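Everything below concerns the one structure shown next.
In this note's numbering, the protein residues as written are 20 to 114.
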């Protein structure tokens, strides 16, 4: 299991030594909710850190944290896949 929300520290969000915490949290979200778009992942990570909005810097940091940690496909934007799920070219709509 990854870090709990209480481990999250908005003050340290951009620090290099915070990346592993961010990675574990984002990967937990991907594994629970995925496949998930980068936009949705960034929005959820942002909210969890009590940021008012998810700007380019937050997006870049989230992408940096998970870029090598989970498989991803690109169809109209990045989509990250849960650890034990094979990425698909076409994602069925679940909604």
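Virtual Cβ for every residue (Gly too), placed ideally from N, Cα, C. Remember, it's a predicted structure, so these values are computed and weren't measured experimentally.
Exercise. With C-beta atoms as the reference, is residue 88 less than 7 Å away from residue 73?
Worked result: no
Exercise. Which partner residues does residue 99 have in the DSSP bridge list?
Worked result: 55 and 91
Exercise. Applying the criterion that 16 or more other CB atoms from any shown protein chain within 10 Å of the CB defines a buried residue, is residue 52 buried or exposed?
Worked result: exposed
Exercise. Tell me which same chain residues have a C-beta within less than 8 Å of the C-beta of residue 48, skipping the five on either side of it?
Worked result: 55, 60, 63 and 64
Exercise. Ordered along the chain, which non-local residues of its own chain (more than five positions away) have a Cβ less than 7 Å from that of residue 77?
Worked result: Within the same chain, residue 77 has close Cβ partners 61, 65 and 70.
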